[in-house]
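Everything in the sequence shown is counted per our numbering, starting at 201 for the first residue and increasing by one.
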Amino acid sequence: MSDTYGTDRMRAAVLSAWTASPARFREDANAEEDFALGGYRDRLIVELAQNAADAALRAGVPGVLRLTLRGDVLTAANTGAALDATGVESLSTLRASGKRDEAGAAGRFGVGFAAVVSVCDAPAIGSRGAGAVRWSRTETAALVAEIPALAGELTERGGHVPLLRLPFDEPPLIDIPDGFDTIVRLPLRDQAAVEAVRRMLAEAGPALLLGMPALESIEIDVEGATRAVVADGWHVVSESGEFTPEQVAGLFADRPTEERARPFWSLRWAVPVTGTGEPGPLPATVPPVVHAPTPSDEPIDLPALLIASFPMATDRRHVAKGPLADFLVERVADAYVRLLRELPRTSRLLDLVPSLMGKGELDARVRRAVLARLPVTPLLPALSAPAPAVQTPSFADSKVYEPDAEWQVEQPAPEPDGGGWVVTGQEAAVVAAASAELLATVAEFVPGLLPAGWPARHPAMAALGVRRVELSDIVDLLSGEAVEAREPSWWRSLYGVLPADDPESLGALPVPLADGRLVRGPRGTLILADGGAELDLTPLGLRIVHPEAAHPALLRLGAAEATPRTVLDDPLTKAAVAQSLDSPDAEPVARAVLSLVEASGLAPGEAPWLAELALRGADGELYPAGELMLADGALAAVLESDTHLGVAAAELEQTYGPRVLAAAGVLDGFAVVHEPDVLLDPDDCDHDLDGEADWLDHVLDLLPELDVPPLVPEFLAVRDLELVADWPAALELLTTPPLRACLHPLRVEGVEVPSYTAWWLANRPVLGGRKPLELRLPGADPLLQGLYADAPAGLDEAALSMLGVRTTLAELLASHGGPEELLDLMADESIEVDRAQLRALWIALAAVDPARVAPPSRVRAVLGGSIVVAAADDVVVVEAPDLLQLVTDRPLVLAPYDLAEALSELLDLPLAGELTSGAVTSEGAGREVPAAVRSLLPTAPSTYVEHEKLLVDDVECAWRFFEGSVHCTGVDGLARGLAWATGQWNDRLAVAALLRDPEAVPLLLAEADLS
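Pasting the structure below:
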């Protein structure tokens, strides 16, 4: 067998060295074991891929690696340069790579092949058309055992020898797959090794290919199940360079000589991308560590794969600190920024912006370096140009400082491709949760505005220095010259894209008004509807939104949808009306208000405050509308000719018509005071009405004592009654709706009291020259006949009643002051009252509470057979018929005897029994009462006292019921005494007839039955 690669020489040299220095043997064994069990324990697949990449690089062919696991044998076939003697020597040594002069080679430390030791004790490698080489732990142990000098070391190590120091020539391998040039065969040590290889094959991913550009693909076949590992769908940024001698001297001062002999550096950032080119997350098969170029244990928690030629510590697991690592950190940061700039400018870029905290020292250093660059890197797309760079004049700008020197402004330019602006984070601004339409509308007001879809709350925004603009900030920017020339339609388009869920931020939103002003804040503005948009309301000072800017969004933000009617009710309109009489230019205000009245269809009396509107009178003077009359109106026809009221100018009536003027307060009929919730108090109830204070006193007299002034829920009153000249015509107006409502009584604290209008009319001579209180309804209660004159015809009875015209005796007595009024009328000698009417009046008066009446000084009474008016001191109230005989010389109040005491108290008059003792002063004889009397008077006494001449208080009388006995003279006296004694006074005449003719009893009983 030919020794193709000089393996005999290599073994001899190694064995000679071990023999000469057993410590060398121990050193080689320990070093190999350290690498196999330490830094390279799980890098078998990585190192096989690395060797394949370097072979392809040397041959200048596409690198392909096929990894096949069959049972307990792993084979790795690759394309590229064939195995040569240098390669075999390199594989059989530690830390003496044969690739040190190859720029771009993945292997650079000379220890990678030691990874096979972790799973295999007999690796072999061969190339097509050339010999093969193998290593064998068993054969090596046998050769070492033959050297006495190493016996002790071999024993100490338990027979464990270095595997890869002694190569053996091998016949050419015949199982190299077609299309491949070299194959590595690894018989795996045990089942644990098989499982470890399976795991490493499963973890193999695109990071292997990205870290080794010469390797295009990896084919993995595990017991017939195949898969291909490719690096498609990644965006890669690569940087590399060669160090100058000066850089080598400075940066490699602390690095081994072998590394100084390789003055190259390279790095690569790779990130997976979607079909649109946007970055995506790293696959699970790509460990988040630095690849140098093989995976290390140095964490880097960025969403991209970093492959860089960092100097590694002796464990090949961590980056070695020093100036070389510092240099590469800066290059890595530069390349990462370049990666972000090359990716599509979408919000997915934000996921690549690192946070400040890293998972390790190197990770944190890279992050800091990247974050130092990103805020000033043009990276973000913008809808608007960034703010111009302004250089302020200063003492440093010139030798002589000129305060008036112009500032130097550098205006930004859009990207050359015309796709808008690309701005740095420090120049950018983002609006949270704004629609694309809103951003497009306001972009020119916000420098460097990011388009929609860029999340304002993403942590990367703060890292990039992006300014967060709130909706309220945008509102503040809508000011000055930038918006002064905006058409109202532009504002409407803006309102249409504003969010509906943040009214607080939009509180100061500018709103164009119909009068050309631009005001801050929709609240308090009015959007006219229902035909109001065509009206010229400028003189009223209202904040009316321009019709072309009106939008429903303004209503959500506090604007009010206004009809002509609601505009009338606006406080500014009311203020303009109230001040119009003092305005130097009242005519425009009048036109605006009258046009609103006309458009709103306002009815007269609906807006009483309009009576203050200044309008021109026929005499050319300005009047409050409430002091003007329509020339042909009903009011003008009934008032006196010389009043303070004017007549509306003819041109006003021609322009607006009498209906609009009447609705605006011009008087067609009487003016009405209409006010809710009026306190009946002199300070509150003051409407400048004639006699209002007297009416108020009258009403308060009718009410019970209260701790607080009573409240009238609705106060209605007709004004200017004192100016009426034609009362018949005026009363026709006043008793017809709607003025008739002013006559209805008020209910206050449960008591019915007269309204002001009804009270005023009742106490004025408005009915044929007489006060309504002095009249009665024609054909009304006959008991009022003669006491009151009949009211004139022409008005309905209900209206007359509300005016105070008397209707019934009961109504009169129930009214305030009615009983006293009746007593006064009864005491009027000019009024005739017959005896039956007088008796009925006394009967009615007896039911009156004496507290309501002041005792009269003169009283209508009966004297003898005549009706007289007598002084109250002379009048007596008779309470019993047997006392009449004692007071025949005095005027008498005669009514049913059971009412005598009530009338006595009401009139403060004495009873007849109070003026005489009524004692019987004569002697008489007892007699039996005829039995027949009991047929009419069942309870009649059995006896009576008959007097020849009956004296009572020495006055001769016909009868007297005294101390339980009937005293009498004659049949008539006896009949009266018995009837009174039995309480059957009405039967006295029948008893007299019985006593005269006892035979007439049956007839009298029959007549009684018919009563």
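For every residue, glycine included, the Cβ atom is placed at its ideal position computed from N, Cα and C. Computed from a predicted structure; not experimentally measured.
Asked, Found
"Any Cβ of chain D within less than 8 Å of the Cβ of D907?", "In summary, chain D is missing from the structure at hand, where a single protein chain is found."
"Along the chain, where does the beta strand (DSSP E) that runs through R816 open and close?", "814-816"
"Would you report the Cα separation of G1064 and T1088, rounded to the nearest angstrom?", "7 Å"
"Taking 6 Å as the limit between beta carbons, can you name the residues of its chain near P616, skipping five residues before and five after?", "For P616, the predicted model reports a pLDDT of 48, less than 50, meaning its position is unreliable; a value from the coordinates is still stated below. Answer for P616: no residue qualifies."
"Report yes if the C-beta distance between V317 and E232 is below 8 Å; otherwise report no.", "yes"
"Should the segment 679-686 be regarded as contacting the segment 628-635, the criterion being three or more beta carbon pairs within less than 8 Å?", "no"
"Decide if M557 is buried, meaning its Cβ has at least 16 other Cβ atoms within 10 Å, or exposed.", "exposed"
"For a minimum of 3 consecutive residues, which ranges assigned as the beta strand (DSSP E) are wholly contained in the segment 1114-1201?", "1125-1128, 1143-1146, 1159-1162, 1165-1168"
"Is the Cβ-Cβ distance between T382 and L291 less than 8 Å?", "no"
"Distance, Cα to Cα, A1027 vs A1014?", "20 Å"
"Is M829 helix, strand or coil when you go by DSSP?", "strand"
"Applying the criterion that 16 or more other CB atoms from any shown protein chain within 10 Å of the CB defines a buried residue, is R308 buried or exposed?", "For R308, the predicted structure reports a pLDDT of 40, less than 50, and the residue's modelled location is therefore unreliable. A value from the coordinates is still provided. By the neighbour-count rule (16 or more Cβ atoms within 10 Å), R308 is buried."
"Note down, one range per segment and in chain order, each beta strand (DSSP E) of at least 3 residues found wholly within the segment 1032-1091.", "1058-1063, 1066-1071"
"Taking the alpha carbon of A917 as the reference point, which residue from D981, L1012, P808, R976 has its own alpha carbon closest?", "P808"
"Is L650 helix, strand or coil by DSSP?", "coil"
"Tell me, please, whether the segment 1141-1160 touches the segment 1124-1131 by the rule of three or more beta-carbon pairs shorter than 8 Å.", "yes"
"Excluding the 5 residues preceding and the 5 following A792 in the sequence, name in chain order all residues of the same chain whose CB lies nearer than 6 Å to its CB.", "L737, P739, L740"
"Please state whether the Cβ-Cβ distance between P1191 and L1210 is less than 8 Å.", "First, the residue type needs correcting, since residue 1191 is Val and not Pro in the sequence shown. Against a cut-off of 8 Å, the Cβ pair of L1210 and V1191 comes out as no contact."
"Out of G424, D877, R462, A663, state which residue places its alpha-carbon closest to the alpha-carbon of L524.", "R462"
"Taking C-alpha atoms, which residue in E949, T763, T957, V951 lies nearest to T1297?", "Nothing can be reported for residue 1297: it is not among the residues displayed for the chain, which extend from 201 to 1211."
"With DSSP as the reference, label R743 as helix, strand or coil.", "coil"
"R657 by DSSP, collapsed to three states: which one?", "coil"
"Note down, in chain order, each residue of its chain lying with its Cβ closer than 6 Å to the Cβ of P954, except the 5 sequence neighbours on either side.", "P945"
"Label V430 either buried or exposed according to how many other C-beta atoms from any shown protein chain fall within 10 Å of its C-beta, with 16 as the threshold for buried.", "exposed"
"Touching or not, the segment 981-993 and the segment 1006-1024, by the rule of three or more beta carbon pairs under 8 Å?", "yes"
"What is the residue span of the alpha helix (DSSP H) that R940 lies within?", "It is not in any alpha helix (DSSP H) - R940 carries neither H nor E in the DSSP assignment."
"Taking the alpha helix (DSSP H) that R565 falls in, what are its first and last residues?", "561-573"
"Leaving out the 5 sequence neighbours to the left and right, which residues in its chain are closer than 8 Å to R300 when beta-carbon positions are compared?", "A caution first: R300 carries a pLDDT of 47, below 50, which makes its placement in the model too unreliable to give a value."
"Alpha carbon to alpha carbon, what distance is there between P965 and P904?", "30 Å"
"So is G1173 buried or exposed if we call it buried at 16+ other beta carbons inside 10 Å?", "buried"
"The beta strand (DSSP E) that contains I347, what's its start and end?", "No beta strand (DSSP E) holds I347; DSSP gives it neither H nor E."
"By DSSP's criteria, F915 is part of a beta bridge. Which residues make up the other side?", "E875"
"State the DSSP-derived secondary structure class of F368, mapped to helix, strand or coil.", "strand"
"With a floor of 3 residues, list each beta strand (DSSP E) that falls wholly inside the segment 982-1014, ordered by position along the chain.", "none"
"Write down the C-beta distance between L828 and L845 rounded to the nearest angstrom, noting that I regard them as a contact closer than 8 Å.", "7 Å"
"Taking 8 Å as the cut-off, does the segment 753-769 touch the segment 713-733 (at least 3 CB pairs, one atom from each stretch)?", "yes"
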